[in-house]
Amino acid sequence: MPPSEHELRLRERLSRLRSVPLLGGARLSGDIERLQRQLDRIGQEPTHEEIWLQVELARHPERPYTLDYVDRLLDDWFELHGDRGRGDDGAMVTGLGKLDGRTVALVGQQKGRDIQERTRRQFGMPYPEGYRKAIRVLEVADRHSLPVISIVDTPGAYPGVAAEQHGQGGAIAASQAAMARVRVPTVACVIGEGGSGGAVAIALADRVLMQEHAIYSVISPEGCAAILWRDAGEAKKAAAAFKPDAAHCLELGVVDAIVPEPPGGAHADHEEAARLLGEALRETLDELVEVPGDELRRRRRARFRSLGVFA
Amino acid sequence: MARIDVSIETDDKPAPPADHPNTCPGCASHYREDELELALWVCAQCGHHFPMRARTRIARLADVGSFAEDAADLHSEDPLGFFDLRPYAERLAEAEMSTGLAEAMLIGQAAIGGRGCELAVMDFSFMGGSMGSVVGEKLSRACDLAAERAVPLVAVTSSGGARMQEGILSLMQLPKTVCAVEDLHDAGQALIVVMAHPTTAGVLASFASLGDVLLAEPGALIAFTGPRVVQQTTREKLPDDFGLAEQNLRFGHLDAIVPRSEQRETLARLLRLFDAPE
Numbered sequence: 001m002p003p004s005e006h007e008l009r010l011r012e013r014l015s016r017l018r019s020v021p022l023l024g025g026a027r028l029s030g031d032i033e034r035l036q037r038q039l040d041r042i043g044q045e046p047t048h049e050e051i052w053l054q055v056e057l058a059r060h061p062e063r064p065y066t067l068d069y070v071d072r073l074l075d076d077w078f079e080l081h082g083d084r085g086r087g088d089d090g091a092m093v094t095g096l097g098k099l100d101g102r103t104v105a106l107v108g109q110q111k112g113r114d115i116q117e118r119t120r121r122q123f124g125m126p127y128p129e130g131y132r133k134a135i136r137v138l139e140v141a142d143r144h145s146l147p148v149i150s151i152v153d154t155p156g157a158y159p160g161v162a163a164e165q166h167g168q169g170g171a172i173a174a175s176q177a178a179m180a181r182v183r184v185p186t187v188a189c190v191i192g193e194g195g196s197g198g199a200v201a202i203a204l205a206d207r208v209l210m211q212e213h214a215i216y217s218v219i220s221p222e223g224c225a226a227i228l229w230r231d232a233g234e235a236k237k238a239a240a241a242f243k244p245d246a247a248h249c250l251e252l253g254v255v256d257a258i259v260p261e262p263p264g265g266a267h268a269d270h271e272e273a274a275r276l277l278g279e280a281l282r283e284t285l286d287e288l289v290e291v292p293g294d295e296l297r298r299r300r301r302a303r304f305r306s307l308g309v310f311a
Numbered sequence: 312m313a314r315i316d317v318s319i320e321t322d323d324k325p326a327p328p329a330d331h332p333n334t335c336p337g338c339a340s341h342y343r344e345d346e347l348e349l350a351l352w353v354c355a356q357c358g359h360h361f362p363m364r365a366r367t368r369i370a371r372l373a374d375v376g377s378f379a380e381d382a383a384d385l386h387s388e389d390p391l392g393f394f395d396l397r398p399y400a401e402r403l404a405e406a407e408m409s410t411g412l413a414e415a416m417l418i419g420q421a422a423i424g425g426r427g428c429e430l431a432v433m434d435f436s437f438m439g440g441s442m443g444s445v446v447g448e449k450l451s452r453a454c455d456l457a458a459e460r461a462v463p464l465v466a467v468t469s470s471g472g473a474r475m476q477e478g479i480l481s482l483m484q485l486p487k488t489v490c491a492v493e494d495l496h497d498a499g500q501a502l503i504v505v506m507a508h509p510t511t512a513g514v515l516a517s518f519a520s521l522g523d524v525l526l527a528e529p530g531a532l533i534a535f536t537g538p539r540v541v542q543q544t545t546r547e548k549l550p551d552d553f554g555l556a557e558q559n560l561r562f563g564h565l566d567a568i569v570p571r572s573e574q575r576e577t578l579a580r581l582l583r584l585f586d587a588p589e
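Okay, structure coming up:
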């Protein structure tokens, strides 16, 4: 019996995924079985409900945030505060720490756990001050040849009057430009919501990873629904249409590898989620530190400049 | 559409409808198309800048006969099979038909005031000037061509942001164009940006903000998040000139606001200052 159409599609997808260099022997995940199961699931083009489940998992209130991983992965953590101009943005954390004895610089968005912290951190939506703080720390890293870890978790940049007056668009552009300039290894991982320009501002890295249940998208499902369907209630349809889940991002070449999560999702076991993320970061950095800085930068730009589909 | 007579004076001619594209939103003056064309699509009464098509803009900015288009044959694909209320492929075809353009950006070599440059001009009438893979690729190539020919790049932006129908790949055009501009800068060439109405979201948050010199047209909306979304999300009271070029100038985000009638001369002067070849 000839294979069914969707079996063919699955095979094609698998072979495409296997050709992604980082996933070579699935060294990164250390668990090709899980990946295979994941792929079997997406082999049947995921339903609206399945994609929506990814959105819900990515936004789960118990999901580990940037500082939860910092606590578990970095020794001697020292947080750096302020953009040296206007203020200190709670939605963006930056600092120095040791990952297995190697000093690294970290930048990342930070959501809040309770209502006070959420307010203080603007639900993980940085102001321009946050991006300028990240730029400042990228410069420190570049000056002292420290690898950079960037943790992406934001619904988007803060959409407010003051944020606009302080130059939100320009700050996001400048932050990407800073990431395109540094001559040190950089690895970004989307750990929850990778919301639009506010996310990509710190994701122009040598390697871009994505946790299994994270999402990465050009606009929130609600925003997309409001514009294209003229009804924010159609968010599920919108999410299904623009496919923000990790498997699709991998397939489109937007991320280099998927970092596995504990069964049920990262919220179910913070320790195990951190261990898996730590392994992925370590392995990626080990590979990148071998490459000279100029070459890293050249390849990084070439990688991003190759993204897009046209005829 | 039925015409509604809104004139209250003893004028026996009915006034043109207020939403007619040639009715000035600033002062309600109405123009014939040829009048606007002659006036660079600027209202003679109040100075309002009407939207200007990319080809018209190029014809009025570049020296006569100097423009030679690059990468004219690039067309968008539909990587996601995107379908909202209508398929993306259908929206693309319709945009091509109604604008006579292949995409929302034209690039090519040109001269302004006798100085060589590469031009990249966006057209809002092609799907809101949205940036998908083709716009990103064209801007990226314009950077390389400018570097190769050792001339500055002049970009005129008019865009609502990234093209949602291309999903995450449209977001990737932000880092893509940023990397292209960084390469241009490393090659020692300048980027001069003229922001026309509107320059928002993904385009503002990428190459448009990275110009060595940032100019804007009067009254242009220049914002990462537009007023409607800011209002809906934060319930903040918006200042009257929220996000307009004038406010951006006041807050230090622009070098100058340049009316259309002065843009040619201003760009020529900047090209001289950056020693663009004659």
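Chains as they are written, first to last, in the working numbering: chain A, 1 to 311; chain B, 312 to 589. The beta-carbon is built from N, C-alpha and C at its ideal position, and this holds for glycine as well. The structure displayed is predicted, hence computed values, not measured ones.
Checking contacts by CB at 8 Å: is residue i closer than that to chain A?
i: C335 (chain B); result: no
i: E528 (chain B); result: no
i: P390 (chain B); result: yes
i: L521 (chain B); result: yes
i: S409 (chain B); result: no
i: D551 (chain B); result: no
i: T545 (chain B); result: yes
i: S387 (chain B); result: yes
i: I601 (chain B); result: What is shown of chain B runs 312 to 589, which leaves residue 601 (chain B) out entirely.
i: M475 (chain B); result: yes
i: A534 (chain B); result: yes
i: G419 (chain B); result: no
i: S517 (chain B); result: yes
i: G499 (chain B); result: no
i: D330 (chain B); result: no
i: F394 (chain B); result: yes
Considering only residues of the same chain and omitting the five flanking positions on each side of residue i, which have a CB-CB separation below 7 Å?
i: G668 (chain B); result: A question about residue 668 (chain B) goes unanswered here, because the residues of chain B that appear run from 312 up to 589.
i: I219 (chain A); result: S196
i: K487 (chain B); result: G447, S451
Among residues of its own chain, excluding the 5 on either side of residue i, which ones have a beta-carbon nearer than 6 Å to its beta-carbon?
i: Q484 (chain B); result: M442, G447
i: C357 (chain B); result: G337, C338
i: D75 (chain A); result: K98
i: G30 (chain A); result: Per-residue confidence for G30 (chain A) stands at a pLDDT of 43, beneath the threshold of 50, marking its modelled position as unreliable; no derived number is given.
i: L80 (chain A); result: T94, G95, V137
i: F78 (chain A); result: G95, L96
i: T284 (chain A); result: V187, R207
i: L515 (chain B); result: F535
Using a beta-carbon distance below 8 Å, is residue i in contact with chain B?
i: A177 (chain A); result: yes
i: C322 (chain A); result: No answer is possible for residue 322 (chain A): it lies beyond the span of chain A, which begins at 1 and ends at 311.
i: C308 (chain A); result: Reading the sequence as shown, one finds Gly at residue 308 (chain A) and not Cys. So yes, G308 (chain A) belongs to the interface.
i: E164 (chain A); result: yes
i: R118 (chain A); result: no
i: L22 (chain A); result: Summary for L22 (chain A): the model assigns pLDDT 47, below 50, so the residue's position carries little reliability; its value from the coordinates is reported in the next sentence. Not closer than 8 Å to any Cβ of chain B, the Cβ of L22 (chain A) fails to qualify, so no.
i: S196 (chain A); result: yes
i: E295 (chain A); result: no
i: L228 (chain A); result: yes
i: L106 (chain A); result: no
i: E123 (chain A); result: Sequence check: residue 123 (chain A) is Phe here, not Glu. Answer no: the Cβ-Cβ gap between F123 (chain A) and chain B never drops below 8 Å.
My assumption, with CB atoms under 8 Å, is that residue i sits in contact with residue j. Please give the rounded CB distance.
i: G167 (chain A); j: F562 (chain B); result: 7 Å
i: R426 (chain B); j: R546 (chain B); result: That pair is no contact at about 49 Å.
i: L106 (chain A); j: D206 (chain A); result: Not really, about 15 Å apart at Cβ, beyond 8 Å.
i: M506 (chain B); j: A527 (chain B); result: 4 Å
i: G267 (chain A); j: D68 (chain A); result: In the sequence as displayed, the identity of residue 267 (chain A) is His instead of Gly. At roughly 10 Å, the Cβ-Cβ gap does not stay under 8 Å, so H267 (chain A) and D68 (chain A) are not in contact.
i: F378 (chain B); j: E164 (chain A); result: Between E164 (chain A) and F378 (chain B) the Cβ distance is about 35 Å, and since that is not below 8 Å, they are no contact.
i: G522 (chain B); j: L391 (chain B); result: About 31 Å separates the two Cβ atoms, so there is no contact after all.
Closer than 8 Å by C-beta to residue i: which residues in its own chain qualify, once you throw out the five before and the five after it? Chain order, please.
i: D374 (chain B); result: A421, A422, I423, G424, G425
i: L549 (chain B); result: P538, V541, Q542
i: A174 (chain A); result: Y131, R132, I135
- prompt: What residues in the segment 352-380 of chain B bring their beta carbon closer than 9 Å to a beta carbon of chain A?
  reply: Contacts with chain A (Cβ-Cβ distance below 9 Å) from the segment 352-380 of chain B involve no residue at all.
task: Count the C-beta pairs between the segment 144-154 of chain A and the segment 231-246 of chain A that are closer than 8 Å, then say yes if the count reaches three, no if not.
output: No, the segment 144-154 of chain A does not touch the segment 231-246 of chain A.
- prompt: Along the segment 481-492 of chain B, what residues have a CB closer than 8 Å to any CB found in chain A?
  reply: S481, L482, M483, Q484, L485, P486, K487, V489, C490, A491, V492
query: Are at least three pairs of beta-carbons, each pair with one atom in the segment 419-434 of chain B and one in the segment 395-406 of chain B, less than 8 Å apart?
result: Counting Cβ pairs under 8 Å, fewer than three are found: no touch.
- prompt: Is the segment 81-101 of chain A in contact with the segment 136-147 of chain A, if contact means three or more CB pairs nearer than 8 Å?
  reply: yes
Residues, ordered as in the chain, of the segment 426-455 of chain B that lie near chain A by beta-carbon distance below 7 Å: S444, V445, G447, E448, S451
task: Taking a Cβ distance cut-off of 8 Å, strictly less, list which residues of the segment 557-569 of chain B are near chain A, in chain order.
output: Per Cβ criterion, the list reads Q558, F562, G563, H564.
message: Along the segment 208-224 of chain A, where does the CB come closer than 7 Å to a CB of chain B? Name the residues.
response: Y216, S217, V218, I219, C224
query: Are the segment 271-280 of chain A and the segment 457-470 of chain B in contact at 8 Å, needing three or more beta carbon pairs?
result: Segments in contact, no.
query: How about the segment 172-185 of chain A and the segment 223-235 of chain A: do they share at least three Cβ pairs that are nearer than 8 Å?
result: Judged by Cβ distances under 8 Å, the segment 172-185 of chain A makes no contact with the segment 223-235 of chain A, as fewer than three pairs qualify.
field: Against chain B: residues of the segment 72-83 of chain A by CB proximity under 7 Å
entry: none
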